[in-house]
Every structure is written in structure tokens, then in C-alpha cells.
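Q: Here it is: the structure, laid out below.
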Ligand code: SAM
């Protein structure tokens, strides 16, 4: 096979993402709390509140990593529901599975790429992806895949960094490019991964672009909520 420039770049991004999450898996939860000052817990709680998930629901957590969302969903769906924790990265997923297990939940886990989900059409009531879409190579195909596995009436929730309120931008940039890599170096001796984090946030689509990407993928009634002045946004879309 012949690989062009674009394929090489894509392969490099995928490799980089794999390296980053192999490297951060062990200290991932601690770093989330430190870097966001605990705010990621509120953003995730808001996501759960908008999920419509209740007893008996079937939920798919894409790029679920160490399982924060899955854990909250498991507490909601009860014995009659289902929560699948999935991620492309084995180190993150193993950590997630162990964590859920320690909390007393045995739940199905699958290592898979969001672009090729091993689930049938029209299966889940709710699909979530938190801080995962940013790392994906083909966001359009991932969004289409996530829509495919939703049942008609089901919803997709995308929680991701977004465009911060303009007046806050200089402070935010300083924090993400200067402070965060240093915290990474200090706490886990890994400056590069946390520099990647800042860069990937910078190039990620803003609120309105993300909304049209979801519409392009066939999701309907798409709306979004800005969280912490646009540091994050939660996008919500339905399949009909
Ligand atoms: N959802 C978790 C959370 O909010 O704490 C973990 C988010 S973590 C920042 C991003 C995750 O996306 C990583 O675990 C990474 O392995 C995963 N990921 C990256 N590319 C992926 C892909 N193409 N398919 C599935 N997961 C992917």
C-alpha cells in the first residue's frame, strides 16, 4: 500500500495520542483534579444531569478512560440497565475497569476505536464522549458511528474543551501553556503530554463549529451549554 502525507500525519497523531495516554494512565485522576481545580467533577455531574439516563437505560461511554462517567451511570441504571465502558487505550481501560470493580461494579468493557464501534445499530439510549473527541483522527466518522449505535430517540452527549469567553483568553492561554506543562513536569515528570493537552485544546473546534459537525453527522435538535465561561461545552444531539 502507498501512504500519502496525510496518512502519515494521521498515523503520527494516533501514535502520539497512544503515547500520551499510556504515559498518564496511572496518575490520570489525580492530574484531572489538580489541573481543573476539581471542576471536571462538576462538568461531569452536569453531563449526567442532561443524560436522561434512568433505571434500565443502556449507556455507552466512548473514550471512557478511567470511568468517571460510567461509574455515575452505573449508579443510575440499576440491575436492569447496561453500561459499556470503552476506550482505544488498554492502559486507561484497565485502570477504569479496576476502579469500577473496586467500587463494586462489574460492567462490560471493550477496547475499541470510536470510529469502528463493535455494537449493533439502534442499541443505546445514551452515548457519551467526555474529553475524547478532541483526540480522534476522524471526528466526522466517530460522530457518525456514535449516532449509528443510538436508538431512535436516543441522545449523544459530547463534553469537550471549547472556546473560552474572549476576555478570559489571555489568562487561560497562560495557564494552559505555561502552568499546566509545569504541573505535569512536577507531579508526574511528563511535560510533553501536558503540552500536547494544551495544543490539542487550542486547535479543537469552537462551540458553533462543533454544533454543525454534529448536525453534519445526522444528529438533530443539537444544542450546547457553556460550562465555566466556555472552558468546556456540553453538546447534546438526538437521533430520530
Ligand atoms: N472520558 C474520560 C474522562 O472524561 O475522564 C477519559 C478522557 S481522556 C482525556 C481521553 C480518552 O480518549 C483516552 O483514554 C484515550 O485513550 C481515548 N481515545 C483517544 N482516541 C480514541 C479513539 N479513537 N477511540 C476511542 N477512545 C479514544
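Numbering (UniProt numbering), first residue to last: 6 to 245. Just so it is clear, CB atoms sit at the ideal spot from N, CA and C, and this is done for glycine as well.
Tell me which residues share the same chain as residue 37 and place their Cβ nearer than 7 Å to its Cβ, disregarding the 5 neighbours each side in the sequence.
A: Same-chain partners within the cutoff: 45.
Q: Taking 7 Å as the line, does the beta carbon of residue 71 fall inside it for any heavy atom of ligand 1?
A: Checking every heavy atom of ligand 1 against the Cβ of residue 71, one is found closer than 7 Å.
Q: Consider the C-beta atom of residue 92 and the heavy atoms of ligand 1; say whether any pair is separated by less than 7 Å.
A: Yes, Cβ of residue 92 sits closer than 7 Å to a heavy atom of ligand 1.
Q: Using 8 Å as the cut-off, can you tell me whether the stretch 132–142 makes contact with the stretch 68–82, which would need three or more C-beta pairs spanning the two stretches below that distance?
A: Contact between the stretch 132–142 and the stretch 68–82 is present, because at least three Cβ pairs lie under 8 Å.
Q: Considering only residues of the same chain and omitting the five flanking positions on each side of residue 26, which have a CB-CB separation below 7 Å?
A: Within the same chain, residue 26 has close Cβ partners 94, 96, 97.
Q: Taking the beta carbon of residue 208 as the centre, do at least 16 other beta carbons fall within 10 Å, making it buried, or is it exposed?
A: Residue 208 should be labelled exposed.
Q: State buried or exposed for residue 245, treating a residue as buried only when at least 16 other CB atoms are found within 10 Å of its CB.
A: Classification of residue 245: exposed, given that the 10 Å Cβ count is below 16.
Q: What do you get for residue 152, buried or exposed, if any count of 16 or more other CB atoms within 10 angstroms of its CB means buried?
A: It is buried - the Cβ of residue 152 has at least 16 other Cβ atoms within 10 Å.
Q: Measure how close the beta-carbons of residue 66 and residue 99 come, nearest whole angstrom, since I'm counting them as under 8 Å.
A: Between residue 99 and residue 66 the Cβ distance is about 15 Å, and since that is not below 8 Å, they are no contact.
Q: Return helix, strand or coil for residue 232, following the three-state DSSP convention.
A: Of the three classes helix, strand and coil, the one that applies to residue 232 here is strand, per DSSP.
Q: Got a sec, what are the start and stop residues for the beta strand (DSSP E) residue 166 sits in?
A: Taken as a continuous stretch (DSSP letters only), the beta strand (DSSP E) holding residue 166 covers 155–166.
Q: Consult DSSP for residue 96 and reduce its assignment to one of helix, strand or coil.
A: Residue 96: helix per DSSP, three-state reduction.
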